[in-house]
Amino acid sequence: MPASLLAPALAWSGYLRRRVDAHPDLAAWLETAARHPVTPNALASWQAELAGAGAPDVLPVALCRETLRKLRERTFAALMVRDLAGLADLEEVGGAMTALADLAVAGAYRSVAAELAAVHGIPRDPATDAPQEMLIVGMGKLGGGELNVSSDIDLVMLYGEEGETDGPRRISHHEFYGRLTRRMMPVLSEADEHGQVFRTDLRLRPDGDAGPPAWSLDAFEHYLVAQGREWERYAWLKARLIPAQAFPDSDAAPQARQLESLRIPFVYRKYFDFDALASLRALRERIRQDWQRRALARNGVDSANNIKLGDGGIREIEFVVQLFQLVRGGRMPALQRRGLLQALHAERAAGLISADDAQRLEQAYRFLRRVEHALQYREDEQTHLLPGDPGQRAQLGAALGLEAGEFERTLAGHRAFVSQMFRNAFRLAGMGDAEDSGTPSMAVAAAAGGNGDAESQLGEQIRQAYGDAADDLLRRAESLLDSHRVRSLPESSRRRLEALLPAALAAARQTGAPAQAAVRLLDLIEAIAQRSAYLALLAEFPDTLARVARMVAASPWAAQYLTQHPLLLDSLIDWRTLFEPLDFAQMAQQLAADLDACRLTDGEPDIERQMNLMRDVQRQASFQLLAQDLEGELTVEKLADQLSALADMLLAETVRRAWPLVNKLPGAEPRFAVIAYGKLGGKELGYASDLDLVFLFDDPREDAAEVYAKLGRRMTSWLSTMTSSGRLYETDLRLRPDGEAGLLAVSVEAFEQYQLKHAWPWEHQALTRARYAAGDTAVGARFERIRAEVLVQPRDTAALRREVLAMRDKISAGHPNHSGDFDLKHDRGGMVDVEFVTQYLVLCHAGTHRVLVNNLGNIALLRLAGEAGLIPAELAQRAGDAYRTLRRTQHQLRLQGTEKARVPQDQLVDERAAVDALWRAVLGDNPAAASNPA
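Under the UniProt record's numbering, the residues of the sequence shown are numbered 1 to 934, in order.
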């Protein structure tokens, strides 16, 4: 390598100049080694060379110490030369230092464990008698694979089961792993004539310096459940198990899985704890203040010169990115990344951070980390302080290839942007902020202030607000406060509940239906009484409480939906996002990324988590549509289109997730399509509609019938199984050829033959509303061609009329109505009449009017029939308008919690008359004329 490539590093680093002067062979080695990237393989090769020919696989402790220190010097010097010469990017530098740490920790562990085992024997799992490894967890930047070049490393030592070693001088596992940890630390961190490898810090373990050096997984679990604090969630976010093995034939995989099963729910909570907001805000302020207090005590330097802990520094970037992870990661597994840039990219892909903000954050992070490394290269110090002297700052800029003025402008621009993002972090994360989270209502303040007995205050407020309804509400509220469930709550939760009840009643009073809203709010509060997170949310975000009150006042069905799925309450914090249109392409991309991230430690998909995640996404999207619906921003048709598109997206993802579970042929893709019938087929889906589905395949493989039947069963299970997050959709597969007696998945050829030769007329009626919904597009296209071929067949119209009338009579008999009211769907003159007429027109005339083949919905098809002269155009318009009104009225009744959509006979008279006229014009006399005089 030309000597000029060493020049930037030698010009900047006094440390390197001294080492090269003292060891000329180092310069010669660098001229060769720095030509190539510093990779884990390079490190292993250097280590073997330094240990010497014939060195054992497990080095004696003394040799291990010396070898690791020399390896660290080589790595540091090579990275410095490559970095300052512009040959190494941030990924190489951070990755190489992380690989060095992994190698060093694993080597020290093997050496010390061998020494201890020679005296005390090997610790063994009591259940299997297999050797039991220590679990060494890298925290912080070590866990994230992004160590800086002069970094400390934070470690936590864990182990599986308690027991005793198997040697002649037996000791407990607790003592063995404790001694192992204490003896490892000097191997890594003690300075000698060869320097040190890494300063190590064990204070992130449970109880810090006051706790034992190594913890069993059971003890660790008990600690997290009982004492785990908010800052520890932040600390464990990046935690990574370092690959290290000391004992042959050991298998740490089960303990690794157990550790992840503890870490993930502790860090990433599905139900975000709004009690944590105060802790996270306090952490943010501590980031600002603590370093300054330490720095002032040390040397009086202010925050302007600290590029890690000062304003606009690296720690603020980390906080912004990790805050999104903590808030959203439980719901969005794709955010569960240890590396900061990977997490930032995932947040950008999820739409949580704009592409521009993400790009600027990444640019700032890369620049500040490069400055950090340059500062540490100078004297091999763990420093983050910029030089105060202008001349030295100019030299720093030059080391980075920048003129002094350009360096200062670039630095100032990045830090100003980071500081702004840091100040706005909670607002950007959709959690408000200290200054914009709202002020507690007077009711909350009064109840929380301890002025008098809470029940007395509550009773007085109810009597003043609700008059005649007061006694019932008062009894309900007081029963809730006196219930065993509430009495058993922690004091803080009970106080919050006592504050929330009068606030809820005050919010209900501001709605259009105060008494009903109050009752529904009390139902909701009773359902969440033991979930402190949601008590905190409603008590501390008054605007959210008011929004909940408005929703439950508008719709008892919405109130029941919220009560069943309180997870949706989180959405109400950032109310604006609920009124944004659903972006199905973005949703599908994010859902796929999140499902891909739901993995067990062995890499296999975590099916239970995937199923729950899809249910949560469906609830969230439906709730977003419900909010828009209740505010009058969606027509019934638009709502049904959106709910149908949501179902299509989830069906497509279900095919992708179920296929690998049944397919054993490497590389094979599913040649399989989901066909939607009924409401989904007609894009008239409601919030709680079933899915009528048929599964088709077109695949020459010999086991096609078997494998696609398995796929159909898997899909049905995936969609309809009740999990902790509920059921995705109820499914009905009875419309497949031969119904319940038929195959679960049908080949396209068999489907075609059945439809052309064996299907009943009612099955062709159903086909008019069928469409390809998900799966292989080629199979879907074949279905659409078959559907069109069937619909355009010539038919005996008289025979078809008899079949349609008979089927209509059968449906009427199956839905008797003795209430005296008009059933909007099933009674004569209702929605089923419109649907039957439309299907009859399609089957009779699609052969001569091909436009009727298109699955456009009843209203559009009636209009087209009118334009074609098949029915009077004015009648088509009136009947279409009537159908739209009937659907809208049915939807409004469902939102009011009405099980059967019925109205008094004196309502919707004109609409029923229009439907009856349509029926008579197409199919003749309608029995509705006698029973429903219009």
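We put the beta carbon where it would ideally sit given N, CA and C, even for glycine.
Any chance the stretch 825-840 sits against the stretch 911-919, with 3 or more Cβ pairs inside 8 Å? yes
Can you tell me whether V187 is helix, strand or coil according to DSSP? Three-state result, V187: helix.
Near W29, what residues of its chain come up, given a Cβ to Cβ distance below 8 Å and the 5 sequence neighbours on each side ignored? In chain order, R74 place their CB closer than 8 Å to the CB of W29, counting only its own chain and leaving out the 5 sequence neighbours on each side.
Quick one, which of I811, L204, R240 has its alpha-carbon nearest L224's? Cα-wise, what sits closest to L224 is L204.
Please classify L756: is it buried, with 16 or more other beta-carbons within 10 angstroms of its beta-carbon, or exposed? That one is exposed.
Tell me the DSSP bridge mates of L135? L158, per the DSSP bridge assignment.
Using 8 Å as the cut-off, can you tell me whether the stretch 135-147 makes contact with the stretch 339-347, which would need three or more C-beta pairs spanning the two stretches below that distance? yes
Which value, in whole angstroms, describes the spacing of the CA atoms of R263 and W659? Approximately 30 Å, taken between the alpha carbons.
At which residues does the beta strand (DSSP E) containing L832 begin and terminate? The question names Leu, but residue 832 is Val in the sequence shown. Under the DSSP assignment, V832 falls outside any beta strand (DSSP E), being part of the alpha helix (DSSP H) whose first and last residues are 831-845.
Does the beta-carbon of T777 have 16 or more other beta-carbons within 10 angstroms, so that it is buried, or is it exposed? exposed
Whether L862 touches A876 by CB criterion (7 Å): yes
Euclidean distance between Cα positions of P131 and V418: 48 Å
Is Y268 near G329, with beta carbons less than 7 Å apart? yes
So for E749, helix, strand or coil by DSSP? helix
If you count every other CB in all the chains shown that lies within 10 Å of the CB of residue 963, and 16 or more means buried, which is it? The requested residue 963 does not occur in the structure, where the chain is confined to residues 1 to 934.
Measuring CB atoms only, is the stretch 737-751 touching the stretch 767-787, in the sense that at least three cross pairs come out at less than 8 Å? A contact exists between the stretch 737-751 and the stretch 767-787.
Take every Cβ of the stretch 222-239, pair it with every Cβ of the stretch 174-186, and state whether three or more of those distances are shorter than 8 Å. The stretch 222-239 is not in contact with the stretch 174-186.
For the stretch 763-776 against the stretch 664-676, are there 3 or more C-beta pairs whose distance is under 8 Å? yes
In chain order, which continuous runs of the alpha helix (DSSP H) of length 4 or greater are located wholly inside the stretch 360-409? 390-399
Comparing C-alpha positions only, which one of L733, Y109, H194 sits nearest to M157? Y109
For A549, count neighbouring Cβ atoms within 10 angstroms of its own Cβ and tell me buried if that reaches 16, exposed if not. Counting of Cβ neighbours within 10 angstroms places A549 among the buried residues, the total reaching 16 or more.
Extent of the continuous beta strand (DSSP E) run through L691: 691-697
A798: which of V922, L568, V20 sits nearest, CA to CA? That would be V922, whose Cα lies nearest to the Cα of A798.
From E491, E316, L375, P514, residue whose alpha carbon lies closest to that of F426: E316
Over the uninterrupted beta strand (DSSP E) stretch that includes F672, give me the two end residues. 672-677
Which residues in the same chain as L5 place their Cβ atom closer than 6 Å to its Cβ, once the five residues preceding and following it in sequence are excluded? Counting only Cβ-Cβ distances below 6 Å, and skipping sequence neighbours, we find A85.
Where the alpha helix (DSSP H) through R110 begins and ends: 90-120
Cα separation between P126 and A106? Whole-angstrom Cα-Cα distance: 24 Å.
How many Å lie between M97 and N148 at the Cα? Each residue's Cα considered, the two are about 7 Å apart.
Is the stretch 652-669 in contact with the stretch 885-902, if contact means three or more CB pairs nearer than 8 Å? Cβ pair count under 8 Å is below three, so no.
Measuring CA to CA, which of T885, T838, A770, G847 is closest to G866? Among T885, T838, A770, G847, the Cα nearest to that of G866 is on T838.
For L87, which of helix, strand or coil comes out of DSSP? coil
Which residues in the same chain have their Cβ closer than 7 Å to the Cβ of D83, if we skip the five residues on either side of it in sequence? V93, H373
If you drop the 5 nearest sequence neighbours on each side, which residues of the same chain put their C-beta closer than 8 Å to that of R518? Per the sequence presented here, residue 518 reads as Ala, with Arg not at that position. Closer than 8 Å at Cβ, skipping near neighbours: Y466, A469, L473, A504, L505, A508, R509.
Give the C-beta separation of D129 and D201 to the nearest angstrom, bearing in mind that I take them to be a contact with Cβ-Cβ under 8 Å. That pair is no contact at about 35 Å.
Taking the C-alpha atoms as reference points, what is the distance between A7 and P212? 48 Å
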